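Keeping their order, the protein sequence lines are chains A and B.
Using the numbering used here, read the first sequence as starting at 1 and increasing by one per residue.
Using the numbering used here, read the second sequence as starting at 163 and increasing by one per residue.
Even glycine gets a Cβ: it sits at the ideal position worked out from N, Cα and C.
For clarity, every value in this text was computed on a predicted model and none was experimentally measured.
Take a look at the structure below.
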Amino acid sequence: MIVDSYRFLPRSFRPFYEGRGPFRGEEGPVWAPFARRLADSRIALLTSAGMYVRDAQPSFDVDRERSHPEWGDPTWRAIPASARPEELAVAHLHINDEDILADPEIALPMRALSELADTVTEHVSVMGYQDRSLREWRSVTAPAIVTHLREQGADGLVLAPA
Amino acid sequence: MPVLARWIEAAGIPTVVVTMMPAVAEERRAPRIVGVEFPFGHAFGMPRDRVMQRRVLTLALEVLAGAAVSGTRVDLDVEWPVPLREAYRAWQPEEPSPIVRKMLEARRSAS
Numbered sequence: 001m002i003v004d005s006y007r008f009l010p011r012s013f014r015p016f017y018e019g020r021g022p023f024r025g026e027e028g029p030v031w032a033p034f035a036r037r038l039a040d041s042r043i044a045l046l047t048s049a050g051m052y053v054r055d056a057q058p059s060f061d062v063d064r065e066r067s068h069p070e071w072g073d074p075t076w077r078a079i080p081a082s083a084r085p086e087e088l089a090v091a092h093l094h095i096n097d098e099d100i101l102a103d104p105e106i107a108l109p110m111r112a113l114s115e116l117a118d119t120v121t122e123h124v125s126v127m128g129y130q131d132r133s134l135r136e137w138r139s140v141t142a143p144a145i146v147t148h149l150r151e152q153g154a155d156g157l158v159l160a161p162a
Numbered sequence: 163m164p165v166l167a168r169w170i171e172a173a174g175i176p177t178v179v180v181t182m183m184p185a186v187a188e189e190r191r192a193p194r195i196v197g198v199e200f201p202f203g204h205a206f207g208m209p210r211d212r213v214m215q216r217r218v219l220t221l222a223l224e225v226l227a228g229a230a231v232s233g234t235r236v237d238l239d240v241e242w243p244v245p246l247r248e249a250y251r252a253w254q255p256e257e258p259s260p261i262v263r264k265m266l267e268a269r270r271s272a273s
């Protein structure tokens, strides 16, 4: 089966994604070999669903996005692997969050991963809608996530856009 | 998201992107890609469907650990178990996002 990448996308959005090619400066391949056996590896998850821990972390800033529609909160949150589903909240204005709140595993399958592999103690969440320059994601957020993943001893990362 | 994967991969941490838009992830040169024909917000499948979620994650781990070259893409052969029209409506927010609202207003004032 070849997945239809535009099956669930409104038709008018398709030109924003299709045939756009790589970002400038991102044309070449990147590659970090997965050197270990999976059974001996520690794996991390990253969701772009705008998930955060309701009583312990600030929400992603959707108020500013409402007043500046081209802007998206570029910060990130560390999500404890031990967090219970009812402790998690979602701040993402581009999706219906009902199913994720009902079962966060559909965006951040922390429980499923713990049954399949050794996992980090804190996974990662970002909010996927970003301004076109991606400036802060590139200069601040991505390096901070890399540092976090190294501190967590992650041998690999599974990313899932919302 | 694919470009975030690239930056993390370039820092030495192997990545795999599980995405409903694998063609876009390929265009953006993500190193490893698992395609799922699921609605947005549902990368790992249906709520409370542990078998489906585990199947997606298992494939992601296999591609993460087993892909040999940058640009590897494997699509999951699972059909979304909800009729298209219903699923298409269900993933979208009740109110249009701010940027969509702005675009709609611009279109309206241009016409």
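Residues near residue i by beta carbon distance below 6 Å, same chain, minus five either side
i	result
A:Ser48	Val126, Gly128, Pro161, Ala162
A:Arg14	Tyr6
A:Gly50	Phe60, Val90, Ala91, His92, Met127
B:Gly174	none
Proximity test, Cβ basis, 8 Å: residue i and chain B
i	result
A:Val3	yes
A:Asp103	yes
A:Pro85	no
A:Glu70	yes
A:Ala107	yes
A:His14	Residue 14 of chain A is actually Arg in this sequence, not His. For A:Arg14, the answer is no, since every Cβ of chain B falls outside 8 Å of its Cβ.
A:Thr48	Position check: residue 48 of chain A holds Ser in this sequence, whereas Thr was assumed. It does: the Cβ of A:Ser48 has a partner Cβ on chain B nearer than 8 Å.
A:Arg66	yes
A:Val146	yes
A:Val158	yes
A:Phe8	yes
A:Asp177	There is simply no residue 177 of chain A to check, as chain A begins at 1 and stops at 162 in what is shown.
A:Arg20	yes
A:Ala91	no
A:Ala162	yes
Contact set between residue i and chain B, taken where Cβ atoms lie within less than 9 Å
i	result
A:Tyr17	Met183, Ala185, Val186, Glu189
A:Ala78	Under the 9 Å cutoff, chain B gives no residues; its nearest Cβ is about 15 Å from A:Ala78.
A:Leu116	Arg216, Leu219, Thr220, Leu223
Cross-chain neighbours of residue i in chain B, by beta carbon under 7 Å
i	result
A:Val30	Arg168, Glu171, Ala172, Pro193, Ser232
A:Phe34	Pro176, Leu226, Ala227
A:Arg240	Outside the displayed range of chain A (1 to 162) lies residue 240 of chain A, so it cannot be described from this structure.
A:Ala154	Ile175
A:Leu113	Leu219
Sequence-distant residues of the same chain with beta carbon closer than 8 Å to residue i, five excluded per side
i	result
A:Thr141	Pro74, Thr75, Trp76, Val126
B:Asp237	Pro184, Val196, Gly197, Val198, Glu199
A:Asp4	none
B:Ala205	Val180, Thr181, Met182, Val198, Val218
A:Arg54	Glu87, Leu88, Ala89
B:Ala252	Pro201, Val244
Test: residue i CB closer than 8 Å to a CB of chain A
i	result
B:Pro245	no
B:Ser259	yes
B:Arg270	no
B:Val178	yes
B:Glu199	yes
Straight-line Cα distance separating residue j from residue i
i	j	result
B:Met288	A:Arg42	Since the first and last residues shown for chain B are 163 and 273, residue 288 of chain B lies out of range.
A:Val62	B:Pro243	32 Å
A:Arg36	B:Arg270	56 Å
A:Leu38	A:Ala102	30 Å
A:Ala89	B:Arg210	17 Å
A:Glu98	A:Ser82	21 Å
B:Val262	B:Met163	20 Å
B:Leu219	B:Leu246	23 Å
A:Phe16	A:Leu9	11 Å
A:Asp40	A:Asp118	8 Å
A:Trp71	B:Pro255	18 Å
B:Tyr250	A:Ser133	29 Å
A:Ala44	A:Pro69	31 Å
B:Ile170	B:Leu266	35 Å
B:Gly233	B:Ser273	43 Å
B:Ala230	B:Pro176	12 Å
7 Å CB neighbourhood of residue i in its chain, flanking five on each side removed
i	result
A:Glu105	Arg111, Ala112
A:Ile145	Trp76, Val124
A:Met137	Sequence inspection shows Trp at residue 137 of chain A; the Met mentioned does not correspond to that position. Answer for A:Trp137: Pro74, Gln130, listed in chain order.
Those residues which DSSP pairs with residue i across a bridge
i	result
B:Ile195	B:Val179, B:Arg235
A:Ala160	A:Thr47
A:Ser139	Looking at the DSSP assignment, A:Ser139 forms no beta bridge with any residue, so it has no partner.
A:Met127	A:Ala49
A:Leu88	A:Val53
A:Glu163	Here chain A covers residues 1 to 162 and nothing more, so residue 163 of chain A does not appear.
Cross-chain neighbours of residue i in chain A, by beta carbon under 8 Å
i	result
B:Leu221	What B:Leu221 touches in chain A: nothing, since even the nearest Cβ is about 10 Å away.
Contact set between residue i and chain A, taken where Cβ atoms lie within less than 7 Å
i	result
B:Val165	Phe23, Glu26, Leu134
Contact list for residue i against chain A, beta-carbon separation under 9 Å
i	result
B:Glu256	Asn96
Neighbour list for residue i in chain B, Cβ cutoff strictly below 8 Å
i	result
A:Asp40	Simply none; closest approach about 10 Å.
Residue i: CB within 7 Å of a non-hydrogen atom of the ligand PLP
i	result
A:Pro69	In terms of ligand content, the structure shown is empty, and the ligand PLP therefore cannot be addressed.
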